[in-house]
Amino acid sequence: MAFKLAIIGRPNVGKSTLFNRLAGRRLAIVDDTPGVTRDRRSHPARLQDLRFEVIDTAGLESAAAPTLEGRMRAQTELAIDEADIVLFMVDARAGMMPDDSTFANLLRRKGKPVVLVANKTDVNAAAGGVLDAWGLGLGDPVAISAEHGLGMSDLRDAIVEALGEDVALAEEVEPIALPGEEIAVGEDVDPDAEETPYDASKPLRIAVMGRPNVGKSTLINALIGQDRMLTGPEAGITRDSISVDWHWRDRKIKLFDTAGMRRKARVQEKLEKLSVADGLRAARFAEVVIIVFDATIPFEKQDLQIADLVMREGRAPVLAFNKWDLIEDRQETLAELREKTERLLPQVRGLQAVPISAETGRGLDKLMEAVEKTHRVWNSRVSTGRLNRWLEGATAQHPPPAVAGRRLKVKYITQIKTRPPGFVVSCSRPDAMPQSYVRYLVNGLRETFNLYGVPIRIALRTSDNPYAGRARKRG
């Protein structure tokens, strides 16, 4: 089992920059603004020959427990308890602050192995700050520059010394793989292959998206049964996209919490733009996206834009109407929501929509069942024989229209992709085919093969004419 390493320190000392370097990817949002990181996040990491799990944390601040800063500090203390070793990071350029001494005392009480790290030592002015760090009583400070990668060998040696070689260099029974695998969307399929059954044992990636303050982090906490995400009445608490591993009915799930997305015109600050971009990236790496609506004020313009974005990206969407415990006339409201879903989101007919309460835990099993059902459809594979038997009947019932006096011919259909289902239709003049007839084919595919609730892609192609370009011979 690899060891866990937590990076802690005051705000803006460079914790997320070091986290990104150890993780080998730009995962955490980095900005000059203090207090960017709020939730703790973990990721497989490497430092030369060391393999471990690194935990990024919010900046430690002295604040009362009910405040946002106090709740952030509680999350950081949980990370310290969870870790096998702690990197206590200070800013050598700014020098030691009173809070550094306070938190050094906190670490001593925890009794965990600690490595003192003096960051931002890439300038001459930082030498004094490194010397000052001795006064914290946590041993020799390791001088590094997380941004430029200086001092990484010294950091590696200090970690091995603090943990002991038997722990730091232990062989892993199950090695942690640095994930470079992205979700294959639009996965190619062999048109001649047989239909394969759905594999319900494969891991599943789910992103949770929505407007600010609709209850996304509360939903994830309710699903996993612990206060893993920072929540509260303040809008826009989540900034980074945080992933959490979880099991539901013996199935491995990776949940991604994302920042709330406001209308583009309202997003002015650079930090919020970075948060939104990080959320979009998480959605692209997910398979199913749970779009959380506030049931008390559903179908705002931004709700519809987020849903449209998810569908254009080709993800499998599921709607969750949260705060259902605040609704009084539930039957009437549910009927109204279902009618609005069909009318306002016509891009994908048959969307799975589930009323839930993340606060009370109502409807969470139904939500996960809807997620699995939608994922099953998203992976659907229909054989070419069944498709062409359906096409023959569909074109006989409603033949393609005539354009410019010549009737269009639809000859053949085959599925070439899954995740989401993608089809190629061979026809005589693809450029002249009206969109209304393409929609007719899409709706027919949905109804016949039960492809409700996911995007469907249709590409029109013409068959090659072997005589194209040849001059006609005169007899």
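When you line the sequence shown up against our numbering, it's residues 1 to 475, in that order.
A virtual CB, placed ideally from N, CA and C, is assigned to each residue, including glycine.
Close Cβ partners of residue 195 (< 6 Å) along its chain, the five nearest in sequence each way excluded | As a working note, residue 195 is residue 195 in the sequence shown. Within the same chain, residue 195 has close Cβ partners 381 and 383.
For residue 101, three-class secondary structure by DSSP = Locating residue 101 in the sequence shown gives position 101, where the first residue counts as 1. Residue 101: helix per DSSP, three-state reduction.
Do you know how far the Cα of residue 165 is from the Cα of residue 492?
-> This structure does not reach residue 492, given that the chain is present from 1 up to 475, and the question cannot be answered.
Taking C-beta to C-beta, are residue 321 and residue 356 nearer than 8 Å?
-> Reading the sequence shown from its first residue, position 321 is the one you call residue 321. Reading the sequence shown from its first residue, position 356 is the one you call residue 356. Yes, the Cβ-Cβ distance between residue 321 and residue 356 is below 8 Å.
How about residue 153 and residue 121: are their beta carbons less than 8 Å apart?
-> For the purposes of this step, residue 153 is taken as the residue at position 153 of the sequence shown. For the purposes of this step, residue 121 is taken as the residue at position 121 of the sequence shown. No, Cβ-Cβ distance for residue 153 and residue 121 is not below 8 Å.
Can you name, in chain order, every residue of its own chain whose Cβ lies under 7 Å from the Cβ of residue 180, other than the five neighbours on each side?
-> In the sequence shown, residue 180 corresponds to position 180, counting from 1. At residue 180 the pLDDT is 37, less than 50, meaning the model places this residue with poor confidence and gives no usable figure here.
Taking only heavy atoms of the ligand ADP into account, decide whether any of them is closer than 7 Å to the Cβ of residue 345.
-> With respect to the ligand ADP, the structure offers nothing, as it holds no ligand at all.
Looking at C-alpha atoms only, which residue of 438, 311 and 410 is the closest neighbour of residue 426?
-> Position 426 of the sequence shown, counted from the first residue, corresponds to residue 426. When only C-alpha atoms are compared, the closest one is 410.
Local Cβ density within 10 Å of residue 392, reported as buried at 16 or more and exposed below that | The residue given as residue 392 occupies position 392 in the sequence shown. Here residue 392 is exposed. Its C-beta has fewer than 16 other C-beta atoms within 10 Å.
7 Å CB neighbourhood of residue 187 in its chain, flanking five on each side removed = Counting from 1 along the sequence shown, the entry for residue 187 is found at position 187. Same-chain partners within the cutoff: 417, 418 and 419.
Cβ neighbours of residue 87 in the same chain (closer than 6 Å, five flanking residues each side left out) | To locate residue 87, count along the sequence shown from 1; it is residue 87. Taken in chain order, the residues that qualify are 7, 115 and 117.
According to DSSP, what are the bridge partners of residue 248?
-> Taking the sequence shown and counting its residues from 1, one reaches residue 248 at position 248. In the DSSP output, where bridge partners are listed per residue, residue 248 has 251.
Cα-Cα separation, residue 348 to residue 315 | One-based indexing of the sequence shown puts residue 348 at position 348. One-based indexing of the sequence shown puts residue 315 at position 315. Each residue's Cα considered, the two are about 11 Å apart.
Label residue 296 either buried or exposed according to how many other C-beta atoms from any shown protein chain fall within 10 Å of its C-beta, with 16 as the threshold for buried.
-> Residue mapping note: residue 296 aligns to position 296 of the sequence shown, counting from 1. With fewer than 16 other Cβ atoms within 10 Å, it is exposed.
Check whether the Cβ atoms of residue 412 and residue 388 sit closer than 8 Å, and answer yes or no.
-> The residue given as residue 412 occupies position 412 in the sequence shown. The residue given as residue 388 occupies position 388 in the sequence shown. Between residue 412 and residue 388, the C-beta spacing is below 8 Å.
Could you have a look at residue 430 and say whether DSSP puts it in helix, strand or coil?
-> Here the question's residue 430 lines up with position 430 in the sequence shown. Correct three-state label for residue 430: helix.
Residue burial classification, residue 400 (beta-carbon count within 10 angstroms, cutoff 16) | What you label residue 400 is simply residue 400 of the sequence shown in a count that begins at 1. Residue 400 should be labelled buried.
Residue 395, DSSP secondary structure in three states = Here residue 395 corresponds to residue number 395 of the sequence shown, with the count starting at 1. Helix at residue 395.
Segment limits, alpha helix (DSSP H) that includes residue 370 | Looking up residue 370 in the sequence shown gives position 370. Here the alpha helix (DSSP H) through residue 370 covers 364-378.
Shortest alpha-carbon distance to residue 402 belongs to which of 325, 218 and 428?
-> The residue given as residue 402 occupies position 402 in the sequence shown. Restricting attention to 325, 218 and 428, the CA atom closest to the CA of residue 402 is found in 428.
Just how far apart, CA to CA, sit residue 140 and residue 16?
-> Translated into positions along the sequence shown, residue 140 becomes position 140. Translated into positions along the sequence shown, residue 16 becomes position 16. Distance between the alpha carbons of residue 140 and residue 16 is about 22 Å.
Cβ-based burial, residue 344 [other Cβ within 10 Å; buried from 16] = The residue labelled residue 344 in the question sits at position 344 within the sequence shown. With fewer than 16 other Cβ atoms within 10 Å, it is exposed.
Which whole-angstrom value is the C-beta distance of residue 371 and residue 290, which I expect to be below 8 Å?
-> The sequence position of residue 371 within the sequence shown is 371, counting from 1. The sequence position of residue 290 within the sequence shown is 290, counting from 1. 7 Å between Cβ atoms; contact.
Pick from 109, 129, 211 and 53: whose alpha carbon is nearest that of residue 319?
-> On the sequence shown, residue 319 is found 319 positions in, with the first residue counted as 1. Nearest C-alpha to residue 319: 211.
Hey, residue 313 and residue 218: beta-carbon distance below 8 Å or not?
-> Residue 313 sits at position 313 when you count from the first residue of the sequence shown. Residue 218 sits at position 218 when you count from the first residue of the sequence shown. No. Outside cutoff.
Alpha-carbon spacing of residue 13 relative to residue 101, whole angstroms = Locating residue 13 in the sequence shown gives position 13, where the first residue counts as 1. Locating residue 101 in the sequence shown gives position 101, where the first residue counts as 1. Those two C-alpha atoms are separated by around 15 Å.
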